[in-house]
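**Q**
Protein chains: 2
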Amino acid sequence: MKTGLESLKRITMIIGGIFILCFIMVCFFTTRLSAAEKMEKVGCWGIFELSLKGPDSGNPFLDVEFSAEFRYKNRIVELEGFYDGDGIYRARFMPDKEGIWTYKTKSNRAELDGKTGEFRCTAAAAGKHGPVRIRNTYHFAYADGTPYYPVGTTCYAWIHQGDKLEEQTLATLKGSPFNKIRMCVFPKHYVFNENEPQYYPFEKKSSGEWDFTRFNPEFFKHLEKRIGNLRDLGIEADIILFHPYDRWGFSKMDSETDDRYLHYIVARIAAYNNVWWSMANEYDLMKEKTMSDWDRFFQIIQESDPYQHLRSVHNCRGFYDHSKPWVTHCSIQHRDLQRAIEWRNKYRKPVINDECQYEGNIERDWGNISAGELVHRFWMGFTVGTYVGHGETYMHPEDILWWSKGGVLYGESPKRITFLRKIIENGPAEGISPMGQRIGGKEGEYYLFYLGLHQPVEKTFRLTKGNKYRAEIIDTWEMTVTPVEGTFESSFTIELPGKPYIVVRIRRVR
Amino acid sequence: MKTGLESLKRITMIIGGIFILCFIMVCFFTTRLSAAEKMEKVGCWGIFELSLKGPDSGNPFLDVEFSAEFRYKNRIVELEGFYDGDGIYRARFMPDKEGIWTYKTKSNRAELDGKTGEFRCTAAAAGKHGPVRIRNTYHFAYADGTPYYPVGTTCYAWIHQGDKLEEQTLATLKGSPFNKIRMCVFPKHYVFNENEPQYYPFEKKSSGEWDFTRFNPEFFKHLEKRIGNLRDLGIEADIILFHPYDRWGFSKMDSETDDRYLHYIVARIAAYNNVWWSMANEYDLMKEKTMSDWDRFFQIIQESDPYQHLRSVHNCRGFYDHSKPWVTHCSIQHRDLQRAIEWRNKYRKPVINDECQYEGNIERDWGNISAGELVHRFWMGFTVGTYVGHGETYMHPEDILWWSKGGVLYGESPKRITFLRKIIENGPAEGISPMGQRIGGKEGEYYLFYLGLHQPVEKTFRLTKGNKYRAEIIDTWEMTVTPVEGTFESSFTIELPGKPYIVVRIRRVR
Chain A
1 MKTGLESLKR ITMIIGGIFI LCFIMVCFFT TRLSAAEKME KVGCWGIFEL SLKGPDSGNP
61 FLDVEFSAEF RYKNRIVELE GFYDGDGIYR ARFMPDKEGI WTYKTKSNRA ELDGKTGEFR
121 CTAAAAGKHG PVRIRNTYHF AYADGTPYYP VGTTCYAWIH QGDKLEEQTL ATLKGSPFNK
181 IRMCVFPKHY VFNENEPQYY PFEKKSSGEW DFTRFNPEFF KHLEKRIGNL RDLGIEADII
241 LFHPYDRWGF SKMDSETDDR YLHYIVARIA AYNNVWWSMA NEYDLMKEKT MSDWDRFFQI
301 IQESDPYQHL RSVHNCRGFY DHSKPWVTHC SIQHRDLQRA IEWRNKYRKP VINDECQYEG
361 NIERDWGNIS AGELVHRFWM GFTVGTYVGH GETYMHPEDI LWWSKGGVLY GESPKRITFL
421 RKIIENGPAE GISPMGQRIG GKEGEYYLFY LGLHQPVEKT FRLTKGNKYR AEIIDTWEMT
481 VTPVEGTFES SFTIELPGKP YIVVRIRRVR
Chain B
511 MKTGLESLKR ITMIIGGIFI LCFIMVCFFT TRLSAAEKME KVGCWGIFEL SLKGPDSGNP
571 FLDVEFSAEF RYKNRIVELE GFYDGDGIYR ARFMPDKEGI WTYKTKSNRA ELDGKTGEFR
631 CTAAAAGKHG PVRIRNTYHF AYADGTPYYP VGTTCYAWIH QGDKLEEQTL ATLKGSPFNK
691 IRMCVFPKHY VFNENEPQYY PFEKKSSGEW DFTRFNPEFF KHLEKRIGNL RDLGIEADII
751 LFHPYDRWGF SKMDSETDDR YLHYIVARIA AYNNVWWSMA NEYDLMKEKT MSDWDRFFQI
811 IQESDPYQHL RSVHNCRGFY DHSKPWVTHC SIQHRDLQRA IEWRNKYRKP VINDECQYEG
871 NIERDWGNIS AGELVHRFWM GFTVGTYVGH GETYMHPEDI LWWSKGGVLY GESPKRITFL
931 RKIIENGPAE GISPMGQRIG GKEGEYYLFY LGLHQPVEKT FRLTKGNKYR AEIIDTWEMT
991 VTPVEGTFES SFTIELPGKP YIVVRIRRVR
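Those sequence lines, one after another, are chains A and B.
Those letters in the first sequence? Residues 1 to 510, per the working numbering, in order.
Those letters in the second sequence? Residues 511 to 1020, per the working numbering, in order.
(1) Would you kindly report the start and end of the unbroken alpha helix (DSSP H) that includes residue 188 of chain A?
(2) Does the beta-carbon of residue 53 of chain A have 16 or more other beta-carbons within 10 angstroms, so that it is buried, or is it exposed?
(3) Taking 9 Å as the threshold (C-beta atoms), are residue 482 of chain A and residue 420 of chain A in contact?
(4) State the Cα-Cα distance for the pair residue 605 of chain B and residue 549 of chain B, rounded to the nearest angstrom.
(5) Is it the case that the Cβ atoms of residue 873 of chain B and residue 414 of chain A are separated by a distance below 9 Å?
(6) Have a look at residue 906 of chain B and residue 691 of chain B and give me their C-alpha separation to the nearest angstrom.
(7) Nearest to residue 200 of chain A by alpha carbon, out of A:190, A:219, A:185?
(8) Evaluate the contact criterion for the segment 105 to 119 of chain A versus the segment 310 to 322 of chain A: three or more CB pairs, one atom per stretch, below 8 Å.
(9) Under 9 Å between C-beta atoms, does residue 455 of chain A make it to chain B?
(10) Please classify residue 59 of chain A as buried or exposed, where buried requires at least 16 other C-beta atoms within 10 Å of its C-beta.
(11) Whole angstroms is fine: what's the gap from residue 255 of chain A's alpha carbon to residue 293 of chain A's?
(12) For residue 370 of chain A, would you say it is in contact with chain B, using Cβ-to-Cβ distances shorter than 9 Å as the test?
(13) What is the DSSP secondary structure of residue 621 of chain B, counted as helix, strand or coil?
(14) Quick check: the segment 665 to 675 of chain B against the segment 841 to 852 of chain B, are there 3 or more CB pairs under 8 Å?
(15) Would you call residue 251 of chain A buried or exposed, if buried means 16 or more other Cβ atoms sit within 10 Å of its Cβ?
(16) What in chain B is Cβ-close to residue 516 of chain A, meaning under 9 Å?
(17) State the start and end residues of the unbroken beta strand (DSSP E) segment that holds residue 843 of chain B.
(18) Count the other C-beta atoms from every protein chain shown that fall within 10 angstroms of the C-beta of residue 511 of chain B, then say buried if there are 16 or more, exposed otherwise.
(19) What are the boundary residues of the beta strand (DSSP E) that residue 777 of chain B is part of?
(20) Which residue wins for smallest C-alpha separation from residue 886 of chain B, given the options B:860, B:1012, B:719?
(21) Tell me, please, whether the segment 275 to 287 of chain A touches the segment 231 to 244 of chain A by the rule of three or more beta-carbon pairs shorter than 8 Å.
(22) Going by CA-CA distance only, name the one from B:898, B:891, B:623, B:557 that's closest to residue 737 of chain B.
(23) Enumerate, from N- to C-terminal direction, the unbroken beta strand (DSSP E) stretches of 3 or more residues contained entirely within the segment 379 to 443 of chain A.
(24) Given a cut-off of 9 Å, decide if residue 571 of chain B and residue 682 of chain B are closer than it, judged by their beta-carbon atoms.
(25) Against residue 883 of chain B, what residues of chain A qualify as contacts under a CB-to-CB distance less than 8 Å, listed in chain order?
(26) Could you run through the segment 387 to 403 of chain A and flag, in chain order, every residue whose CB is less than 7 Å away from some CB of chain B?
(27) For residue 877 of chain B, count the other beta carbons within 10 Å of its own beta carbon; 16 or more makes it buried, fewer makes it exposed. Which is it?
(28) Let me check understanding here. Comparing Cα to Cα, which of A:471, A:178, A:490, A:248 lies closest to residue 204 of chain A?
(29) Does any CB atom of chain B fall closer than 9 Å to the CB of residue 365 of chain A?
(30) Is residue 191 of chain A buried or exposed, if buried means 16 or more other CB atoms sit within 10 Å of its CB?
(31) When you compare only the Cα positions, how much space is there between residue 103 of chain A and residue 97 of chain A?
(32) By Cβ distance, which residues of its chain are closer than 8 Å to residue 470 of chain B, with the 5 residues on each side in sequence left out?
(33) Let's see if you can read the secondary structure: which residues bound the beta strand (DSSP E) around residue 741 of chain B?
(34) Could you pull the DSSP bridge partners for residue 92 of chain A from this structure?
(35) Could you check whether the Cβ of residue 1001 of chain B sits closer than 9 Å to any Cβ belonging to chain A?
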């Protein structure tokens, strides 16, 4: 009997032990799971933000160093944090890889130093493709490989107009063809731009002068909000870091201030996937800056931006040397689109002619071309594998001109640009290569012959032999696509409507 | 009684002697008068033609030398005569001074040598102003000082189309704005130009090859007739001596033939007051000719033309060096009128952009711009003190395109060019001086501000102080001139219609 009882006890103990083990295991795993569930999640190319309380005495902008390392397996990304006022320090990070990322902070202040943590980067949200990169030397694609064709507009000072107008601008952008916007960080002083901004980038001393050692976090929070709004609309924010239109002194700061500002803004906004860096608008009008200042600004951005967002600088007259290694693409102001191929060949980088004059009716020549002429210039550029930007400057009783303040678009060009964008986005996956003035595409596969000012009633094409093609006549102004009956081979003649601004699109049939 | 009778006899004798003397004197003076009345009269800048019978055996074109000296007081003008077939030799002279001119021939043949004679040059016929000269460095005037503003067109081969079409061309020209025409001596072979001419410049050998040593006088008589027709319409004949569009061999003759041809044509047509010399059309496409050939052609013309008619040469791509001393003005083919001031400043001579592409609808880009674009280019050129030429190339069921064959004008540009010509002819007497891109006139007195593609709704002008001005808004397409109310001083703003292709004309009020 004793053996029987002992056996029973033993069995009970074993079963109990198993139960206990199971319980412990269950407890253990549920704890783990709940920790994992609790771990912060950020979609790929979203923003992970670490906020820490730190010192608010003295001048935190000058006195406190704060940075962070983010790590995925053996890969380390270093970035600068920033002081956001009220004793709050932040480090923002845009992960680009799904999985667990860990971080560790570094500071000259104990309360901000050595803080660690982790978060999970999940799949990108639907429709999110990451930051834009250079693709195929002359073109662009999002980080996930989706081609991106910049169709930009310009609203230099739109974020300095107050919420009502700014929200109207966002609503207009939503219904527009534009997937990039050029916008200044600093407020703008210029003709039609006499109003004061809501926020200033620096705090004021009691003397009333700017304290260039103290950034105004409200200013930057507002900037970030607007960049985020654009991101949510799928619009790239081409951030203009400096510009000459200034009555406040932000174009004439000393080098130390300039450089601190660059570090601060990179720390704040680089984690937004839709940021592009434009060192300046019309850099050559900023007489206080030298060429070595511009080179240094590029280098600061290049060194401190963990994501290597696109970088360029916009001229008034003389181009910056876009062949310098820190320039990712050409941002050009020039009215003559006939020269687009020349720039492409010279710099061997993507060419965006951001400002080929604007649709409008103001006195200045840069702001009074017709919609027809602007649309013409768009086609001149796009058919040779370069990109062109929009702007609008119609006189307005309250000086609300789109080019600077946003608001509403009045012009006739945007709907034609929408039409153009669809055509270009349906082009060859690798982007359009130029084949001559006003001719581009992909040899043997896809051709756009833009006739521009010319109005022939027929045209003979000599294309790669051995292929079959279909042709369409595109009226860029009327926005019609008319298929030409039949298929064609090597050399053939097509009848045309004998009016200007026609594109003949020819595609290979397989 | 004897004394009385003798006295009576003596008186009778004296009276009789007086009568005889009177009779002799009357006879003498009436003879003189009748000789003077019978003397040939030629209006100033008309043609005096001396015809002599001479040898018709051998090859008179090679064997017979024949020239003449025309003399007015101590001034001597030397010129070459020419063989006109059928044993007839001619020397043609255009006098430029009223009064008695004498001449004396020179020849290696006795029957043509040492012939003398005289004629009277009378006042120029009404409306005749003589050949066109350079005026005020960049402009033109007739010999009598009347300003001449070249408003040219192009009908390269119009004299090779048969009388019916040629007369239609003349009728069209009569109702057109054009006061200059570019036209080839030799027939033309090119697209739309497959027909044979009525006349050839040379005779044929029995072998069927050209005898380049024998000119065909009928060819040149026809040319002269047409130059005369143009002269009678007040149209300058811009004679194109060579051109590359050729299936007969006239573009590939040897140097000896080229040079003989130049001497022959100068001898024949230089006396026509409306002749201009264009060494070639698209000289740079004539691969058989070297730059030293072109220089030599210019020099032959310069040396042999007694009247120093205007001389230039027309390019396809690269310009001839118009700064060479024998070039009187620039004859340019270029589509970009923005560069007009550049050429004016470079060559310091009048600039005529003869071919900035033509109104039409053929396949080639040089022949299919719209009327609007051509008129725009005219204004681009004329407002900066340069000149622009017209051409028209609309497809035609019988290949009768104005640019080459003449006929009828179908386009929308000529009436706008008529309008432009009136504006320009009412400009400052010394011609328009450029004051910037699309701006020209005479400082303090007269201004044309051409807005081109730009469509501002207002514009501020800053003109010479102390003067009073009136302004007009000229719509170059609608051909309207709208005075702006009021008078203006130094700095003022004018409201504009906000559409492209407007000229603001501002004139001083005295």
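Glycine residues also receive a C-beta, built at the ideal position from the N, C-alpha and C atoms.
All values reported here derive from a predicted model rather than from experimental measurement.
**A** Taking the definition as stated:
(1) Element bounds for residue 188 of chain A: n/a, residue is neither H nor E.
(2) exposed
(3) No; because the gap between Cβ atoms is not below 9 Å, this pair is not in contact.
(4) 15 Å
(5) no
(6) 21 Å
(7) A:219
(8) No, because fewer than three Cβ pairs between the segment 105 to 119 of chain A and the segment 310 to 322 of chain A fall closer than 8 Å, the two stretches do not touch.
(9) yes
(10) exposed
(11) In a straight line, the C-alpha of residue 255 of chain A is about 8 Å away from that of residue 293 of chain A.
(12) yes
(13) helix
(14) no
(15) buried
(16) With chain A covering only 1 through 510, there is no way to say anything about residue 516 of chain A.
(17) 840 to 843
(18) Caution applies to residue 511 of chain B, whose pLDDT of 47 falls short of 50 and renders its modelled position unreliable; the model cannot decide the point.
(19) Residue 777 of chain B -> not in any beta strand (DSSP E); alpha helix (DSSP H) instead, spanning 765 to 779.
(20) B:1012
(21) yes
(22) B:557
(23) 433 to 436, 439 to 442
(24) no
(25) 453, 500
(26) Contact annotation: in the segment 387 to 403 of chain A, residues whose CB is within less than 7 Å of a CB in chain B are 395.
(27) Per the 10 Å Cβ criterion, buried.
(28) Nearest to residue 204 of chain A by alpha-carbon distance, out of A:471, A:178, A:490, A:248, is A:248.
(29) With its beta carbon less than 9 Å from one in chain B, residue 365 of chain A belongs to the interface.
(30) exposed
(31) 15 Å
(32) Not covered by the structure: residue 470 of chain B. The range shown for chain B is 511 to 1020.
(33) From DSSP, residue 741 of chain B is part of no beta strand (DSSP E) but of the alpha helix (DSSP H) over 727 to 742.
(34) A:49
(35) no
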